[in-house]
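Number of protein chains: 2
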Amino acid sequence: MPFVPVRRQPVSAAVFAQLRAAVVTGEVAPGEALPPERTLAETFGVNRHAVREALKRLEQAGLVEVAQGGATRVLDFRRSAGLDLLPHLVDGPDGPEAEVLRSGLEMRRVIGVEVARLAAVRADESARERILAAGRGYRAERLRSGREADRGFWADLVDAADNIAFRLAYNSLLQVIDAHAALMDEVLDEDRTDVAGHLELAESVARGDAESAAAVAHRILTAALVAVGRFMPATAPATATSLGDEPDPTHDPTPRGAP
Amino acid sequence: MPFVPVRRQPVSAAVFAQLRAAVVTGEVAPGEALPPERTLAETFGVNRHAVREALKRLEQAGLVEVAQGGATRVLDFRRSAGLDLLPHLVDGPDGPEAEVLRSGLEMRRVIGVEVARLAAVRADESARERILAAGRGYRAERLRSGREADRGFWADLVDAADNIAFRLAYNSLLQVIDAHAALMDEVLDEDRTDVAGHLELAESVARGDAESAAAVAHRILTAALVAVGRFMPATAPATATSLGDEPDPTHDPTPRGAP
DNA sequence: GACGAGCGACTGGTCCAACCAGTTGACCAT
DNA sequence: ATGGTCAACTGGTTGGACCAGTCGCTCGTC
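One line per chain: the protein sequences are S and D, in this order. Counting in this note's numbering, the first sequence runs from 1 upward without gaps. Counting in this note's numbering, the second sequence runs from 1001 upward without gaps.
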């Protein structure tokens, strides 16, 4: 077993992690007040400043609302938090939450498809060449490191799409992946088996064929979405099974409670 | 003019705002080191603890990297920040940045379309009824407050779509809107003129017709995207003009550098 | 001259203690 | 019932001290 760098974690980060977990698991319900800073400091055995730094991050993440003189209240993160919270929702008491991963992969597909479409229309000449080169080198790159191969591939596309919102959302999704590298690597490898698709996507973009690019991107990105059902039969069996074998190449939302 | 609550801003928030602005405007370039905490404290005329609280938020937002013993370095937010940063990118030196708003509205459309599709498939009976009621009451609600009308309308859809990633991204986009309420209200009102479309969307979802729901959602959400070009002829005239009058009802990406 | 150990200055991390500034609710006078 | 007062409690801010890493210079050794 290879040695890895030890992770140093500041006290405030540890406090933040515990408080965040308490909020997202619902251990402290929305509307409920957190204990006073002085109490938290004593409970955690740290200085009050460390607690305050952690609370600032919670506030920044949209998990709590702090009011001078009043109490610090927990917010409903489903209404108040942004996409940056997603990575932190994956960790559940019984391992990664399948439903959160499914959500993230669905979003990844939607964004990826639109990114492909936009890239086909907006990429300038140098971007087209770069993307085409990435498409042609994908097979070889994948052998070296599948993870870095499509990270580079998609980074070029996202660049070319010229949309800062997609770019930032893409970053948020990458953090989900990084937070569960081992599992996600297996799931995402499903995408990578479609080597021909990657080349086809690159060629479509280089050609400026938006609809073809979108279609191929959809095909590629659906693979991982299907795979996550296999790797995680966990919490939602009904959902997992209906994700079945031969998804509609265009759309395959997961039915639920439909007649 | 009605009275509004006065906003108190903690010192750390003010420091955070200034540092954040310095980073996103590129005033301090990625890779560059921020001044030491002690220096910042003196410069801002506040205590070092306040500076540290601000830095924690910057770190949380993915704008800087702090290392004990070493310097605090600025990151490239285009690579390291998440979607939560989007609201803070809108403010430019010459008013709201048209390109950021365009990006946000593009994302809003993509997410909205997929939300409509998913809602049509996944909504349970009570959700269908609620959505149908919202669709029927939309015309009346809109007269009272257009803003709250479609906030409620879409909130129901997002709920029904049962995808936490879309929900959080939707929250992030709402923050963009809230941060520029006056302008965005004008732009988004373009969506609301399509009253019939809202009813049609609700009916499609209630009927479980995913493709119809997606198509109508796309039509509705394209209106604001077109409008932002009119309201903001500002920074990118070439882009704005090509967004012209009769957009392809299916897709209308903004060409740029295409052959 | 090249190398490397050692040291010192500098940076962020943590703590303690105190006080300021709001909020809340109980109490009391009107 | 109303409104004012006040005490207790909560977050906000400050000062100063020290710990714990990093970085770069210096100096001795080879």
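For glycine and all other residues, C-beta sits at the position ideal for the given N, C-alpha and C.
Any non-hydrogen atom of the ligand FMN within 7 angstroms of Glu65(S) CB: Inclusion of the ligand FMN in the displayed structure is not the case, the ligand content being empty and no account of it being possible.
Assign Asp1091(D) to one of three DSSP states: helix, strand, or coil. Judged by DSSP in its simplified three-state form, Asp1091(D) adopts strand.
Just mark Glu42(S) as buried or exposed, buried being the case when its beta carbon has 16 or more other beta carbons within 10 Å. Per the 10 Å Cβ criterion, exposed.
Considering only the alpha carbon of each residue, which of Glu1129(D), Asp1162(D), Pro1096(D) and Arg1167(D) lies closest to Phe1231(D)? Measuring C-alpha to C-alpha distances from Phe1231(D) to each of Glu1129(D), Asp1162(D), Pro1096(D) and Arg1167(D) identifies Pro1096(D) as the nearest.
Mind checking if Leu201(S) is an interface residue toward chain D, Cβ cutoff 8 angstroms exclusive? Cβ-Cβ to chain D under 8 angstroms: no for Leu201(S).
Answer with buried or exposed for Ala67(S), where buried requires no fewer than 16 other C-beta atoms within 10 angstroms of its C-beta. Its Cβ having fewer than 16 others within 10 Å, Ala67(S) is exposed.
Count the C-beta pairs between the segment 123–132 of chain S and the segment 172–181 of chain S that are closer than 8 angstroms, then say yes if the count reaches three, no if not. No, because fewer than three Cβ pairs between the segment 123–132 of chain S and the segment 172–181 of chain S fall closer than 8 angstroms, the two stretches do not touch.
In whole angstroms, give me the CA-to-CA distance for Val205(S) and Glu1065(D). Near 35 angstroms, if we compare the C-alpha coordinates of Glu1065(D) and Val205(S).
Among the candidates Glu1106(D), Gly1026(D) and Pro1030(D), whose CA atom is the shortest distance from the CA of Phe1074(D)? Per the sequence presented here, residue 1074(D) reads as Val, with Phe not at that position. Per the C-alpha coordinates, the member of Glu1106(D), Gly1026(D) and Pro1030(D) positioned closest to Val1074(D) is Pro1030(D).
In whole angstroms, what separates the C-alpha of Val1024(D) from that of Arg1128(D)? Separation of Val1024(D) and Arg1128(D) (C-alpha to C-alpha, rounded to the nearest whole angstrom) is 42 angstroms.
For Thr39(S), is the classification buried or exposed, using 16 other Cβ atoms within 10 angstroms of its Cβ as the cut-off for buried? By the 10 Å Cβ count, Thr39(S) comes out exposed.
Can you tell me whether Phe1077(D) is buried or exposed? The criterion is at least 16 other CB atoms within 10 Å of its CB, across all chains shown. By the 10 Å Cβ count, Phe1077(D) comes out buried.
Given a cut-off of 8 angstroms, decide if Arg147(S) and Val228(S) are closer than it, judged by their beta-carbon atoms. The Cβ-Cβ distance between Val228(S) and Arg147(S) does not fall below 8 angstroms.
With 16 other Cβ atoms within 10 Å as the buried cut-off, status of Leu225(S): By the 10 Å Cβ count, Leu225(S) comes out buried.
Cβ of Arg1007(D) less than 8 angstroms from any chain S Cβ? Taking CB atoms only, Arg1007(D) has no neighbour in chain S less than 8 angstroms away.
According to DSSP, which residues form a beta bridge with Arg260(S)? What the structure shows of chain S is the stretch from 1 to 259, and residue 260(S) is not part of that stretch, so it cannot be assessed.
Contacts of Glu1027(D) in chain S (Cβ-Cβ under 8 angstroms): Going along chain S, no residue has its Cβ under 8 angstroms from Glu1027(D), so there is no contact; the nearest lies around 18 angstroms.
Take Lys1056(D) as the anchor and find which of His1180(D), Val1015(D) and Asn1163(D) has the nearest alpha-carbon. Proximity to Lys1056(D) across His1180(D), Val1015(D) and Asn1163(D) peaks at Val1015(D), based on C-alpha coordinates.
Rounded straight-line distance, which links the Cα of Val1051(D) to that of Val158(S): Their backbone Cα atoms lie some 34 angstroms apart in a straight line.
DSSP state of Asp248(S), grouped into three classes? Only weak support is given to the placement of Asp248(S): the predicted model assigns it a pLDDT of 41, under 50, and the value that follows is read from those uncertain coordinates. The DSSP-derived three-state label of Asp248(S) is coil.
Please report the Cβ distance between Ala81(S) and Gly62(S), rounded to the nearest whole angstrom; I am assuming they are in contact, meaning their Cβ atoms lie under 8 angstroms. Taking C-beta atoms under 8 angstroms as the contact rule, Ala81(S) and Gly62(S) qualify, at a distance of about 4 angstroms.
Roughly how far, in whole angstroms, is the beta-carbon of Ala213(S) from the beta-carbon of Leu201(S), given that I think they are within contact range, below 8 angstroms? Ala213(S) to Leu201(S), Cβ: 6 angstroms. Contact.
Measuring only between beta-carbons, confirm whether Ser1012(D) sits less than 8 angstroms from chain S. Cβ-Cβ to chain S under 8 angstroms: yes for Ser1012(D).
Proximity test, Cβ basis, 8 angstroms: Ala238(S) and chain D: The pLDDT assigned to Ala238(S) is 39, lower than 50, so where the model puts this residue is not dependable; a value taken from the coordinates is nonetheless given after this. No, its Cβ sits nowhere closer than 8 angstroms to a Cβ of chain D.
Given that Ala217(S) touches chain D, what residues does it touch there, using C-beta distances under 7 angstroms? The premise fails here: Ala217(S) is roughly 13 angstroms from chain D at the closest Cβ pair, so nothing lies under 7 angstroms.
I want to see whether chain D comes within less than 8 angstroms of Ala213(S), judged by CB atoms only; does it? No, Ala213(S) does not count as interfacial toward chain D.
CB contact check: Gln18(S) to chain D, cutoff 8 angstroms: Not an interface residue.
Name the chain D residues that come within less than 7 angstroms of Arg167(S), Cβ to Cβ? In chain order: Arg1078.
For chain S, is any of its Cβ atoms less than 8 angstroms away from the one on Arg1057(D)? For Arg1057(D), a Cβ of chain S is located within less than 8 angstroms of the residue's own Cβ.
Can you give the Cα-Cα distance for Arg1117(D) and Ile131(S), rounded to whole angstroms? Approximately 31 angstroms, taken between the alpha carbons.
Assuming Leu188(S) and Gly112(S) make a contact with CB atoms under 8 angstroms, what is their CB distance in whole Å? The Cβ separation is near 12 angstroms, so there is no contact.
Compare the beta carbon distance of Met262(S) and Ala1165(D) with 8 angstroms and say whether it is the shorter of the two. As shown, chain S starts at 1 and ends at 259. That puts residue 262(S) outside it, with no answer to give.
Check the C-beta distance from Ala1119(D) over to Ala1181(D) and give it rounded, since I have them as a contact under 8 angstroms. Going by Cβ atoms, the distance from Ala1119(D) to Ala1181(D) rounds to 26 angstroms, so no, they are not a contact pair.
Take Arg139(S) as the anchor and find which of Val195(S), Leu89(S) and Ser12(S) has the nearest alpha-carbon. Ranked by Cα distance from Arg139(S), the first of Val195(S), Leu89(S) and Ser12(S) is Val195(S).
Ordered list of beta strand (DSSP E) runs contained in the segment 1126–1208 of chain D, each at least 3 residues: Restricted to the segment 1126–1208 of chain D, not a single beta strand (DSSP E) segment is unbroken, complete and at least 3 residues in length.
Kindly list, in the order they appear in chain S, the residues whose Cβ is closer than 9 angstroms to that of Val1015(D). Those within 9 angstroms of Val1015(D) in chain S number zero; the least Cβ separation is about 11 angstroms.
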